[in-house]
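Protein chains in written order, with the working numbering: chain U, 18 to 467; chain P, 18 to 467.
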């Protein structure tokens, strides 16, 4: 019987376990989980803190019982502290600091990521929170409930920072978002960033851009956040969400090669440089399908895919990761913002000759009630005319999320921008136009190129 | 200067004209329009009759003014009655029956379709309406307004019949839908047909299936509709919507080859067998991309594509139609029903070895408020494992329409069902799951195949 050991009970680890067990019922699968919360949807934390998900237990993709029912063993509250890849065993410690060695035939590392701790004076004081794990989430929830803060500064204007701005506004808290870049959410173009900022402001969220926060101090029972450009803001609470970095302290003991930001290097089969050790999810470098190189791009969707492949290959499969396009969507109040592929500047940096065209239209025929504006950016290469990327912002009920997926599927298949008009997409006046907005935007790109 | 003459002012004709003018400003484009309503969205008629679009003028994709502003000539209220392809001229008559000959260098025929008139006794009496053109639409509107019917029988349970059931229920009219097939909307599988029937019934629409209507009689100031299986139903009004057939009376005079149901035969460049004559839209046979053969499949989206290609090629282009997948979506009350590609039975008839798997899940993480059930059918070939078709039914805000488009884009690119899991699709808990429902359904298909 093959022993498959998996370190990490989040997206990558659970996906690997489930896939291995699905393909081979005889494999003995054990998942080492650092806390008591295997398979939690950490992407759902903002909605727990907003009050929209009243019970945190509902954030579980699956309950521990559902997982063990498939025959998978869960070793909760155990931390893997070192790997002996010669002897093929892993040292774990429990909450009482008792050590134990677990042997494996195949090992999957899915230790994920931890929040980046920015160089800010006063980060480690009461009322200042980093947000990533369920434990972080309980700490914030506890603070919200017991201290009832009236105001919060969120450091970081990426998608978690913006989701938290929405969530805490929903709780009646006055929110200020501070970001380093000239426009919010630097993963989308400034035009869309400005639409997001306007949406935030319409919900009384203050937005401070081009600010580098350097200190948080206590003054008169409040926190004061100080930054460049004379930024200073009083608040009852501070949340820091400036991105994550791979958690790979185990890599060294196993002799695993690491690369960008310390992420574990993997091949397309999710294998590492050490035999019988796979790695997947937020702790690895990810192949970008368009760039055809490895970058650090932690996303839950990617973790699921990579974990599934690692699990399949660990039980004798031969599946390869097709690469990521960095497809993402975030809902901020009633607005959805999405992207896939490369933005203009990213394409330029990668040696493409990009043209990006902005286009605005309605999600469906405007004569039918409830039409919503969609703001679409299409990036294509002027030489090859290939589609490189797209961004869409609009009302979340305007099918923004699945429209970006049409672009994502087109990029996956190396489509030329002009050929998007060939796709046979669905239409009825309440839901689209005879040319879907995706196609209208592609046609606008072609027109501008000519 | 090239004279481009276009017969037909609906989707295909207007698309051809706009594309030709876009590519070549010097071309002299004239569109012969049989009525006064060029470029109307006839797909929008049900929403005018429901009252949701109060002003019929808003149904215009573009106004006549917007069209002529591009330099295109509109010859309204002129009917083309014959084509002399030797002399390259077209005879038109106006409302006063005055004849005139128009010459052309290139001709595009986009005469569209007319409603099928089923063999029903008493079809041509007061209170019985066929529905296709703006004129039909005004007649129905006039009847609704002046006669205030309390009840209607709709003969035909295809998408127009069902949209009208929704529309007239919206007007407070008691609706009965009668269809020939055992389940409603025979373009989707019975499982989904039954979901639609349940939705109709929940809105007090009566549904009679497996009924062949054979007579409509007047009795005591009402109409009575009689059919097989002892069907009889009194109503104040009857609407007949049993499909359309190509309008191609011009084809003979031009020596054009016609095929299925009399539709004009075209090649992939939308050329006919007669030099310099193109045809597009509901009056032509359409290439099905998966079947790789021509069928009759009239759809507005296809008409736009074919018209655009005809227009491009008429001014010297060399574009080919990529084929249709029959992608469709319809909104019935709060439900959207969509399909693309082949259903199981269609695939079998075409010589494939299909497996169809049904799958139900939520449009987004169920912990986030407002999750809607999606009912998904995936059809793939057991031998090649290629995706052949998909059907989705669910709440119209569950991104049903653009999810079917992910499948449509996958089929367009000949994807295997298992490779759909490789697509990098967008996720945030309020809008999807880490594996999009489209991918979960594909995974269920793969699992069932194994």
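We put the CB at the ideal spot given by N, CA and C, even for glycine.
The structure presented is a predicted model; accordingly, all values stated were derived computationally and were not measured.
Tell me which residues share the same chain as residue i and place their Cβ nearer than 6 Å to its Cβ, disregarding the 5 neighbours each side in the sequence.
i: residue 238(P); result: none
i: residue 311(P); result: 302, 304
i: residue 420(P); result: 409, 455
i: residue 31(P); result: 56
i: residue 210(P); result: 200, 201, 202
I'd like to know if residue i contacts chain U, where contact means its C-beta is closer than 8 Å to some C-beta of that chain.
i: residue 54(P); result: no
i: residue 360(P); result: no
i: residue 295(P); result: no
i: residue 60(P); result: yes
i: residue 421(P); result: yes
i: residue 442(P); result: yes
i: residue 2(P); result: Because chain P here runs from 18 to 467, residue 2(P) falls outside it and cannot be looked at.
i: residue 313(P); result: no
i: residue 397(P); result: no
Looking at residue i: is its Cβ nearer than 8 Å to the Cβ of residue j?
i: residue 422(U); j: residue 442(P); result: yes
i: residue 330(U); j: residue 295(U); result: yes
i: residue 117(P); j: residue 94(P); result: no
i: residue 404(U); j: residue 376(U); result: no
i: residue 55(U); j: residue 48(U); result: yes
i: residue 426(U); j: residue 29(P); result: no
i: residue 553(U); j: residue 228(U); result: Within the shown structure, residues of chain U are numbered from 18 to 467, placing residue 553(U) beyond reach of any answer.
i: residue 396(P); j: residue 406(P); result: yes
i: residue 23(U); j: residue 267(U); result: no
i: residue 291(P); j: residue 273(P); result: yes
i: residue 416(U); j: residue 416(P); result: yes
Could you spell out the range, first to last residue, of the beta strand (DSSP E) harbouring residue i?
i: residue 168(P); result: 168–172
i: residue 353(U); result: 352–358
i: residue 244(P); result: 239–244
i: residue 444(P); result: From DSSP, residue 444(P) is part of no beta strand (DSSP E); its letter is neither H nor E.
i: residue 23(P); result: 20–24
i: residue 137(P); result: Premise fails: residue 137(P) is in no beta strand (DSSP E) and is neither H nor E.
i: residue 120(U); result: 116–120
i: residue 223(U); result: 223–225
i: residue 130(U); result: 130–132
i: residue 146(P); result: 145–147
i: residue 313(P); result: Premise fails: residue 313(P) is in no beta strand (DSSP E) and is neither H nor E.
For residue i, decide whether its Cβ has a neighbour in chain P, counting only Cβ atoms nearer than 8 Å.
i: residue 385(U); result: yes
i: residue 425(U); result: yes
i: residue 448(U); result: yes
i: residue 30(U); result: no
i: residue 286(U); result: no
i: residue 355(U); result: yes
i: residue 345(U); result: yes
i: residue 341(U); result: yes
i: residue 414(U); result: yes
i: residue 445(U); result: yes
i: residue 8(U); result: Only positions 18 to 467 of chain U appear in this structure, which leaves residue 8(U) out of reach.
i: residue 348(U); result: yes
Within the same chain, show all residues whose beta-carbon is closer than 8 Å to that of residue i, passing over the 5 residues directly before and after it, in chain order.
i: residue 258(P); result: 132, 147, 148, 171, 172, 173, 175, 177, 178, 181
i: residue 66(P); result: 154, 157, 158, 161, 181, 184, 185, 188
i: residue 365(P); result: 371
i: residue 37(P); result: 21, 44, 46, 328, 329, 331, 332
Is the shortest distance between the beta-carbon of residue i and the beta-carbons of chain C less than 8 Å?
i: residue 112(U); result: You won't find chain C in this structure, because its protein chains are U and P.
Does the ligand SAM have a heavy atom nearer than 7 Å to the CB of residue i?
i: residue 435(U); result: No copy of the ligand SAM appears in this structure; indeed no ligand is present at all.
The alpha helix (DSSP H) spanning residue i covers which residue range?
i: residue 385(U); result: Looking at the DSSP string, residue 385(U) is not in any alpha helix (DSSP H), and its letter there is neither H nor E.
i: residue 462(U); result: 454–466
i: residue 366(U); result: 361–366
i: residue 210(P); result: 207–219
i: residue 251(U); result: Run containing residue 251(U): none in the alpha helix (DSSP H); it sits in the beta strand (DSSP E), 248–252.
i: residue 318(U); result: 317–331
Can you list, in chain order, the residues of its chain with a C-beta nearer than 7 Å to that of residue i? Leave out the 5 residues immediately preceding and following it.
i: residue 232(U); result: 137, 138, 139, 243
i: residue 339(P); result: 306
i: residue 220(U); result: 186, 350
Exercise. Please go through the region 262–302 of chain P and give each complete alpha helix (DSSP H) segment of 4 or more residues, from N-terminal end onward.
Key: 266–271
Exercise. Would you list, in sequence order, the uninterrupted beta strand (DSSP E) runs of no fewer than 3 residues that lie entirely inside the region 39–114 of chain P?
Key: 45–49, 90–92, 96–101, 106–110
Practice problem: Report the residue ranges of all beta strand (DSSP E) runs contained in full by the region 154–202 of chain P; include only those spanning at least 3 residues, in chain order. | Solution: 168–172, 191–195
Quiz item: Mind pulling the beta strand (DSSP E) runs of 3 or more residues that sit fully within the region 400–438 of chain P?
Solution: 404–412
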